[in-house]
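One structure below.
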Amino acid sequence: MTGNWFCEENTPGYSVQWRMLQLLHQETTPFQKLMIADLAEWGRTLILDGAVQYTEKDEFIYHEMMAHVPLMSHPNPKEVLIIGGGDGGTLREVLKHRQVTGVDMVEIDRRVVELSQTFLPGVAQGFSDDRVKLYIDDGIKFARETDKKYDIILVDSSDPVGPAIQLYSQAFYKDLYQALNEDGMLVAQSESPLFYPQIFDTVVSNLSGIFPLTRVYLAVVPTYVSGFWSFTAASKCYDPLQLSDDSDNIDGLKYYNRKIHQAAFALPQFIRERLG
Ligand code: SAM
10 MTGNWFCEEN
20 TPGYSVQWRM
30 LQLLHQETTP
40 FQKLMIADLA
50 EWGRTLILDG
60 AVQYTEKDEF
70 IYHEMMAHVP
80 LMSHPNPKEV
90 LIIGGGDGGT
100 LREVLKHRQV
110 TGVDMVEIDR
120 RVVELSQTFL
130 PGVAQGFSDD
140 RVKLYIDDGI
150 KFARETDKKY
160 DIILVDSSDP
170 VGPAIQLYSQ
180 AFYKDLYQAL
190 NEDGMLVAQS
200 ESPLFYPQIF
210 DTVVSNLSGI
220 FPLTRVYLAV
230 VPTYVSGFWS
240 FTAASKCYDP
250 LQLSDDSDNI
260 DGLKYYNRKI
270 HQAAFALPQF
280 IRERLG
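Here the sequence shown is numbered in my numbering, starting from 10 and rising by one per residue.
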């Protein structure tokens, strides 16, 4: 931090500066350095280990695209598992689907949940829903040990540093494959193909080595490095590109709609070439 500016160092050659109106909270948890700040232009913002996780201004884009793409293409999504995502944004979107009967969330850091509830209640609003069970646990361990089967799994992880490193590994994805029903589907955030092409390649190749169908889709998330963000959907049965006829009509959306769903899978040439 310099003066009233928070500097997010993305690569050795690229940083972004955000003017900070107020530092609302900071602490070092057993897992990461956590900051909540009010940033000019962007509003309240969660920052973990120096990386902006989401801002009030544009969090809806990432959270809607992570949740609704798989939930709108699976015809009968009842049981959902979220790994990470302790801020509650993805959870809020999942709960908009009336077909969903249960959501298990596994977040390693209790403080992310508690502080999001205190400072960002508009995002962390789903935890009291009867359908939700929160586990404060390591998602790697949970995936290895669970006997339960899910229709949808969402890997809403932070960047691959600290406790999140293994959330990008093939061993973890194999455990998630086992935890999915025979027609289950998974979505993992797969970072910026422009700035972090190696991480993007790792997620895609690890998932496509396990699942019969893997598709990448994109969204513009202005606060993430380069604004150009990817998700990877991996499916045992249904094509994530296709909307199900049985999918819910969802109220209160700000980014996702059925046309965006299909357009998000149209990939620029350099990404198509990376995917081979
Ligand atoms: N997707 C957003 C982004 O990339 O900026 C952030 C999503 S959310 C804040 C990521 C969460 O994953 C964090 O709260 C972090 O504590 C949690 N997390 C990291 N490693 C984890 C693990 N091994 N098991 C469960 N949760 C984990």
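Positions of the beta carbon are idealized from the N, C-alpha and C atoms, including for glycine.
Report the three-state DSSP secondary structure of Phe136 (helix, strand or coil). coil
Taking 8 Å as the cut-off, is the CB of Phe209 close to at least one heavy atom of the ligand SAM? Because no heavy atom of the ligand SAM lies under 8 Å away, the Cβ of Phe209 does not count as near it: no.
beta-carbon Ser214 near the ligand SAM non-hydrogen atom, thresh 8 Å: no
In three-state DSSP terms, what is Gln179? Gln179 falls in the helix class under three-state DSSP.
By Cβ distance below 7 Å, which residues in the same chain neighbour Gly236 in space, the five residues on each side in sequence not counted? Val229, Val230
Within 10 angstroms of the Cβ of Asp279, are there 16 or more other Cβ atoms? Answer buried if so, exposed if not. Correcting the residue identity first, residue 279 is Phe in this sequence and not Asp. Result: exposed.
Kindly indicate the opening and closing residues of the alpha helix (DSSP H) around Arg267. 267-272
Report back the beta-carbon spacing between Val196 and Phe240 to the nearest angstrom; my notes put them in contact at under 8 Å. 6 Å
Could you tell me whether any non-hydrogen atom of the ligand SAM is closer than 8 Å to the CB of Asp96? It does: the Cβ of Asp96 is within 8 Å (strictly closer) of some heavy atom of the ligand SAM.
Can you check which of these residues, Asp257, Leu252, Lys66, Asn85, is closest to Val132 by C-alpha distance? That would be Lys66, whose Cα lies nearest to the Cα of Val132.
Is there contact between the stretch 175-187 and the stretch 208-215, where contact requires at least three CB pairs shorter than 8 Å? yes
Excluding five sequence neighbours on each side, which residues of the same chain lie with their C-beta closer than 6 Å to the C-beta of Glu17? Within the same chain, and ignoring the five residues on either side of Glu17 in sequence, the residues whose Cβ sits closer than 6 Å to its Cβ are Val25, Val61.
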